[in-house]
Structure formats: structure tokens, C-alpha cells
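Report on the structure given below.
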Amino acid sequence: MSIPTLQGLQTALSGLLAEQQALDVTGNNIANSDTEGYSRETVLLRPSLPLNIPAISSRTGEGAQLGTGVSVETINRIRNSYLDAQYRTQSSALSGASTESEELTQAQAAFNEPSSSAIASQLSKFWGAWSELANAPASEAAKQGVVGAGQQLAEMLHEVSAQLSTISTQAGEQYAALAGPSGEVQDDASQIAQLNGQIRLAEEAGEPPNEMLDQRDLLLDKLSSLAQVTVVKQPDGTDTVSFGDAAKPLVEGTTLNWPQALTPAAGGRLGTLLGLTAPGGALASYQAALDNVADTLASSVNALHTATPFFSGTTAATLQVAVTAAQVQTSSTEGVGGNDVAIAIAGLRGGAAEQGYAALVEQVGGNVRGARDEQSNLQSTVTAIGNQRQSVSGVSLDEEMTNLISFQRGYQASARTLTAMDSMLETLIEHTGIAGL
Amino acid sequence: MSERITPTMLTSSTLNGLNASLAALERTSDELSSGKKILEPSDNPYGTSRAIDLQSQLDGLSSYASNVQEGISWENTSSSAMANMSNVLESVRELLVRAPNGTYNAGDLGHMAAEVEQLTEAVKQDANTQYAGQYVFAGTMTTTAPYPQGAEDAYQGNTGTIARAIGPGLSVTVNTDMSALLGNGQGAADGKLFDTLRTISEHLKGATPADVAALGSSDLTSLEGSIEALTQMQATAGSVTDQLQTAASRIEGLQGTITAGLSNIEDTNVAEVSIAYSTEQAAYEAALRAGASIVQESLLQFLN
Chain A
28 MSIPTLQGLQ TALSGLLAEQ QALDVTGNNI ANSDTEGYSR ETVLLRPSLP
78 LNIPAISSRT GEGAQLGTGV SVETINRIRN SYLDAQYRTQ SSALSGASTE
128 SEELTQAQAA FNEPSSSAIA SQLSKFWGAW SELANAPASE AAKQGVVGAG
178 QQLAEMLHEV SAQLSTISTQ AGEQYAALAG PSGEVQDDAS QIAQLNGQIR
228 LAEEAGEPPN EMLDQRDLLL DKLSSLAQVT VVKQPDGTDT VSFGDAAKPL
278 VEGTTLNWPQ ALTPAAGGRL GTLLGLTAPG GALASYQAAL DNVADTLASS
328 VNALHTATPF FSGTTAATLQ VAVTAAQVQT SSTEGVGGND VAIAIAGLRG
378 GAAEQGYAAL VEQVGGNVRG ARDEQSNLQS TVTAIGNQRQ SVSGVSLDEE
428 MTNLISFQRG YQASARTLTA MDSMLETLIE HTGIAGL
Chain B
8 MSERITPTML TSSTLNGLNA SLAALERTSD ELSSGKKILE PSDNPYGTSR
58 AIDLQSQLDG LSSYASNVQE GISWENTSSS AMANMSNVLE SVRELLVRAP
108 NGTYNAGDLG HMAAEVEQLT EAVKQDANTQ YAGQYVFAGT MTTTAPYPQG
158 AEDAYQGNTG TIARAIGPGL SVTVNTDMSA LLGNGQGAAD GKLFDTLRTI
208 SEHLKGATPA DVAALGSSDL TSLEGSIEAL TQMQATAGSV TDQLQTAASR
258 IEGLQGTITA GLSNIEDTNV AEVSIAYSTE QAAYEAALRA GASIVQESLL
308 QFLN
């Protein structure tokens, strides 16, 4: 028994084709080395089915198997789904912390402390104006000074209160935009549902849909910044995606369930926005504390300014100076020179209103600091997990260049084999069979 | 297998490092240029609230300091008015001592009566002393002259008190109730100074032996009572001035302490921060240099 004459050509050809495909994959890796979400691919090569050659041994008459070259089994996508899950959990937390720190920083900026033109300093000027009035109780200018300082203080309280409301409103709008009908959640989830369908078809056809898998993973990464995402991989290749604390899965096969209600426990950007704007949330508590400062100020001044209330309103947004300069009361007894009321009001300096305000500023500052610390901790974690993912799935140019050389050499060698086979056949065809002619 | 390192990892970690260095540099430069180490409450939440408290205390102290200066000026004004009155009363007393010694005739006594009336007007003038447009001896009716010039001697003010706050919950009364000394005149027959002075004047004008005798006895006694009362008032005013001056130096001391405390909390320690700035600058430059050479390295450079 002998070997088929042209088998050598086939073997060399399979080598050429395999090396070419490997080169293509390497080229694709290099081309995508900076593509977001791309997972590197490798060619899985397998020896082709061998030829059974019976009774090849002239001595024992035993057969043997002869290799027939190489074939490409599949193109592998290098990815670790455990790292993906970890990455998404931490990225949700990070995005929540970043959102919190952004929003609270805005609230902190609204207070504009420490500064010589913010509420604390205006409050101090207000007490100072009363003290000046106490030295010149009959002076119209000093009374005007008290009214003016009171009005400025009230305006500042209005302004900060309005800014806090705006921040809260904008956070609500942000949530509505992200979770709304044409928002990011809807957008990403519908793409995932669509990809689920396409991936299922490709899997059924036995073609590994690497690029679509990359796209789907990238969309899941994006979703995870909005709320906690849990992915369950189904046998048919589809992903079932749970989103935040929504009752039903966001995506199940090709079905999309959105919009659904979320709570602050959803995590991510959306959960944080809900938490901040909730009735007991940080922004509402700042607003309430500021209202309390305004109320304390008004009631403590009014309790001493007995002739007619100096301030009207009980919230930061509604506080007003309710008297004209002529109505400013300096004394509890008659006589324009009396100053016991002015002294008592000036003596409110450092009292409950001021302490309440200082405590509020401290609370805001503490919250911002906490959010920033959390953000930077989570940032390190996310960077570390991201690096691990990169280490597994990222394209290393050094590695690709090495592979490139190796595949190129392989291709050249297969070509050389082909040449050798060809010259062997040439000898057979051209130089034999003419004997005796 | 050891961990694979990809160029993306290198560039992103280089970039992160550069960002962090630059952020630190920016922060330090902000601290240096503003001179403050608390730029927003989150830099030091407790420090911020403490700084608000201390700043208010400091503003309060400067209010107290100006109250004290006001108080001292007020006291000085009233004290010099009372000193004038004291001199006037001394002159009247001399008259009273001289008048009954029998060497003066009715005409002389009449002249003395005129002198007493002039001195009475002088007392009124002093009683109407003003400080910064306010009558200091009118109680709280500071825009009303307490004893208008003329024959009417009734007190026009009230007995209200005027105080100056010189510390938290601490105030001193700066006005003196002059009506307790001067009274409401002869009409009220209250035995106070104006009543006494008018009576003296009447006795001098009357010039009967009984009148003259009264000058040396009951009138002198009443007058000396008034002089004694005035001395008491001067002593009280003097002690208020002392109290105010003590408060002034106490406030000055506190201002120093609190300013130092505030500066400790919110001011940049320039020497320390400058050193940190140089260190961070060096770190940033090193990061740039390393980044620039590492990011360029690749196998590609060595292949032909």
C-alpha cells in the first residue's frame, strides 16, 4: 500500500490556509488594539484527520496513520465572565459614588463657604448692625443699617434655598432623562435584546459571534454604571439581565421590560439620584436644616423685637424683613435713646441660628468628603479590576508582533513545502515515462 | 503564566498617574495662591464650622470693642460735665459760707442772688450735655433736653437706663440718673439741687435775718448733701470707666487669641506648602518623563 501521490500538496495547502487565517486574526487583533470593549481572539488549530495507511510496514505488514496537515477548529474570544461580573458590580458602586459626589459638590458650592460674602458672614454683619444701632438707638441711619443687613441676609437664604431646590429638580430631571422612554436604559437594553436574538441565531448556526458578544458586554458595562446589573447566561447564548431592583428582568431573551420602577436600592447613578432627591434624602435634609436656621433666626429675633415682628416667614425661601426702618424697635421702654432690645438682639450672636448653620455647613462638607473618599476608593478598585480584564482580554502588540512573525514564517515554510512537493512531482512527471522513447 | 501587560494598561495607568500628580499640584497651588487651606467645607468640615464660629466671635469682639470705646467717650463726657457741676456747687457753697457772716447788706446779697441764678443756669447747661447728639443725662429720652434753660426746673427726661454690651451677656449701664440729684425744682419741693438753689436765691433776695440764718444752716446742709451725692455719682461714673477700660484690654487679648486660632485653622502654612509644591512638581515631571519614554516602547521598534 502506498501514499496518495498528491497528498503532500494538500498538506502544504492546509498549512498555507491555516497560517493565512491566523495572520488574519492577528491583523484583526492589531487593528482593534484600541477598540473599546474588544476582546482579543486566537485561532485554535487542530491537526486534520489522518490518513489510514494499511500494511505500510514491509516487515510486519502493520498499517500507520499519516497526518494530512492542519485545520482551523475555531476562533476563540478570550474573555473572563467572572471578571466582567466583578467589574460591573464595582462600576455601579463607583458611578453611584461619583454621582453623589457631583451632586453634593454642587450643594456645597451653593453655600459658598467659607467666604466673606456668604450666609455666615452676612449673619455676623446682621448682629454687628444691631450692635451699632445699640450705640446710636435714635439714628435713622443705624436703623436703616439693621433693615438692610436683615434684607441681605434674607436674600442670601432665598438664594441658597433656591439653588438647593434647583439641584434637586435637576437631579430628578436627570433621572427622568436616563430612565425615560428614549433614555439610555431603554436604548442600551433594546440593543441588548436585539443582540440576544442575533447571537442565538449565530450560535445555532455554530458560528461563534465574537464581535456581537463584545458589543453586548460593552452595553452591559454601560448599563452597570446606571444601576446594579446581574447577568445570567442562558444555554442558547442569550443573556438575561436584571437591572437594579426592578421587579422583572430588564432583558429576557429578546423581550425588553422597561420602564419599571426603581428605588434608591437600585445602586448606580439612577439609585443615587433617587436617593438624593427622596423626601428624606441629603438634599431635602439640607433644605430642612436651612429652613430651620431661618425659622430659628426669625423666632429668636421676633421674640425680642416685641413691638412688631422683625422677620416674617418661617422658611429660608420665605424669610422677609417685615419692618421699615422707622418700625425698628431699639428699646422695650419709651424713650428714643433706650437700647435694651438692640443689645439683646446683638447678643443673639453665636446663638442657635448660627450654630445650626455652622452644623449644616459641617454636615454638607462631611458628606462631600465622604462621597469623594468613597469615589476614590472605588476608582482604585475599578481600575484594578479593569486592568485584570485588560490583562486577559486586551491586545498586546508585542504578543501580536511575535505571533505575526511566527505565522509569517509558518506560511513561508508551508510555501517551501509546496515548492518541494512540486519539484518532486516535476521529476516524476517530466523526467520519467520517457524511457525508451 | 504571568500577567499580560497590554499597551492600553500602560497608557491608562500612565494617564491616571499624571492626572493624580497634576491634581495634587493644582490643589497645592490653590492653597498657595489663596493663602487658605480650607477652600471648601469638604476640605475640613469641622474646621469650617469652627472657622465660622471663630469668625463670628471675632466680629462680635470688634463690636464689643467699639461699644467699649463708645461707652468710654460717653463716660468721659458725663464725667467732665459732673466735674463742672462740682466746681459750680463749690462756688455756691463758698457764697453760702460767706453770706451769713453779717458783713453784707441787702444789695450785696441781691448780687449774690443773681450770681446763684447764673450758677443755676450753668448747672442746667452741664445737665444738658450732649454726646454724639444725645443728651447724656436725660435717661433714654436722649433727644430731649432734660433741663431747658429758664425758670422751669422740672425734669424733662426719664429714669431709663442706657447700657453698652461689652461681652456676651455682659453689659454696663453708662448713663447717670442726674434727676436724682437735680430733682424737679422748687415747685416739687423735693429738697433736690434745683429746689435748694432756687431757695438759696430766694433767701438771698429776701435778706431777712431769718433768710440769712437759713442760708448758713438748712440751705448749706441741703447743698452739702447735694455735693456729697454728686461726688458719689462721679465715683460711680469713674468706676464704670475703669470697668470699660478693663474690658477693652480683655477684648484686645481675646482678639489676639482668636485671630491666632482662626489662622491656625484656615491659613496656609506657606513654608510647608511650598515644600510640598516643589516635591509635587518634581513628582509630576518624573511622571511625565517616565510616561513619555515608556509609552513609546514596543517590540515594533526593534523589528525590521
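Respectively, the protein sequence lines represent chains A and B. Read in the numbering used here, the first sequence has 31 at position 4, and its numbers run on one by one without any break. Read in the numbering used here, the second sequence has 228 at position 221, and its numbers run on one by one without any break. Even glycine gets a Cβ: it sits at the ideal position worked out from N, Cα and C.
Same chain, Cβ closer than 8 Å to residue 233 of chain B, neighbours up to 5 away in sequence not counted
96, 188, 199, 200, 203
Can you find a C-beta in chain A that's less than 8 Å from the C-beta of residue 153 of chain B?
Look at residue 153 of chain B: its C-beta is not under 8 Å from any C-beta on chain A.
What residues of chain A sit near residue 11 of chain B, judged by a beta carbon separation below 8 Å?
418, 419, 421, 423, 426
Measure the C-alpha to C-alpha separation of residue 290 of chain A and residue 199 of chain A and round it to an integer number of angstroms.
13 Å
For a cutoff of 8 Å on Cβ pairs, would you count residue 149 of chain B as touching chain D?
No chain D appears in this structure, whose protein chains are A and B.
Compute the distance between the beta-carbons of residue 320 of chain A and residue 135 of chain A, then report whether it is under 8 Å.
No; because the gap between Cβ atoms is not below 8 Å, this pair is not in contact.
Collapsed DSSP secondary structure at residue 246 of chain A in the structure displayed
helix
If you measure from the beta carbon of residue 459 of chain A to each beta carbon in chain B, is any gap under 8 Å?
no
Check whether the Cβ of residue 53 of chain B lies closer than 8 Å to any Cβ atom in chain A.
For residue 53 of chain B, the closest Cβ of chain A is nearer than 8 Å.
Quick check on residue 111 of chain B: does DSSP put it in helix, strand or coil?
coil
With a threshold of 8 Å between beta carbons, is residue 151 of chain A in contact with chain B?
Residue 151 of chain A counts as touching chain B.
Report the residue from A/399, A/374, A/360 whose alpha carbon sits nearest the alpha carbon of residue 147 of chain B.
A/360
Entirely within the stretch 66-114 of chain A and at least 3 residues each: give me those beta strand (DSSP E) ranges in chain order.
Within the stretch 66-114 of chain A, the complete beta strand (DSSP E) runs of at least 3 residues are 68-74, 78-80, 91-93, 97-104.
Per the contact definition of three or more C-beta pairs closer than 8 Å, is the stretch 261-274 of chain A in contact with the stretch 125-135 of chain A?
no
Along the beta strand (DSSP E) that carries residue 270 of chain A, what are the first and last residues, could you check?
266-270
DSSP on residue 144 of chain B, reduced to helix/strand/coil?
coil
Quick check: the Cα distance between residue 222 of chain A and residue 300 of chain B, rounded to an integer number of angstroms?
41 Å
Who pairs with residue 347 of chain A in a beta bridge, going by DSSP?
Paired residue(s): A/339.
Which same chain residues, not among the five before or five after residue 77 of chain B, have their C-beta less than 7 Å away from its C-beta?
171
Can you list the residues of chain A that residue 66 of chain B reaches, using a CB-CB cut of under 7 Å?
Close to residue 66 of chain B, with beta-carbon spacing below 7 Å, are these residues of chain A in chain order: 151, 155.
Between the Cα of residue 268 of chain B and those of B/257, B/179, B/60, spot the shortest distance and give me the residue it belongs to.
B/60
Would residue 370 of chain A be called buried (16 or more neighbouring beta carbons within 10 Å of its own) or exposed?
buried
Counting C-beta neighbours from all protein chains within 10 Å, is the total for residue 210 of chain B 16 or more, i.e. buried, or is it exposed?
buried
Output yes or no for whether 8 Å exceeds the beta carbon distance between residue 229 of chain A and residue 239 of chain A.
yes
Take residue 132 of chain A as the anchor and find which of A/68, A/394, A/381, A/414 has the nearest alpha-carbon.
A/394
Taking the alpha carbon of residue 273 of chain B as the reference point, which residue from B/16, B/17, B/52 has its own alpha carbon closest?
B/52
How would you call residue 277 of chain B, buried or exposed, if buried means at least 16 neighbouring beta carbons within 10 angstroms?
exposed
Tell me the DSSP secondary structure of residue 202 of chain A in three-state form.
helix
On the DSSP letters alone, give me the boundaries of the beta strand (DSSP E) that residue 174 of chain B sits inside.
170-174
In chain order, which continuous runs of the alpha helix (DSSP H) of length 4 or greater are located wholly inside the stretch 203-247 of chain B?
When DSSP assignments are scanned along the stretch 203-247 of chain B, the uninterrupted stretches of alpha helix (DSSP H) that are 4 or more residues long and fall wholly within it turn out to be 216-221.
Taking only beta-carbon atoms, is residue 21 of chain B less than 8 Å away from chain A?
no
Range covered by the alpha helix (DSSP H) that runs through residue 277 of chain A:
For residue 277 of chain A, there is no enclosing alpha helix (DSSP H), as DSSP gives it neither H nor E.
Could you tell me whether the Cβ of residue 15 of chain B comes closer than 8 Å to any Cβ of chain A?
Cβ-Cβ to chain A under 8 Å: yes for residue 15 of chain B.
Find out if the Cβ-Cβ distance for the pair residue 96 of chain A, residue 295 of chain A is shorter than 8 Å.
With a cutoff of 8 Å on beta-carbon distance, residue 96 of chain A and residue 295 of chain A are scored as not near each other.
For residue 48 of chain B and chain A, any beta-carbon pair shorter than 8 Å?
yes
Taking the straight line between their C-alpha atoms, what separation do you get for residue 439 of chain A and residue 429 of chain A?
15 Å
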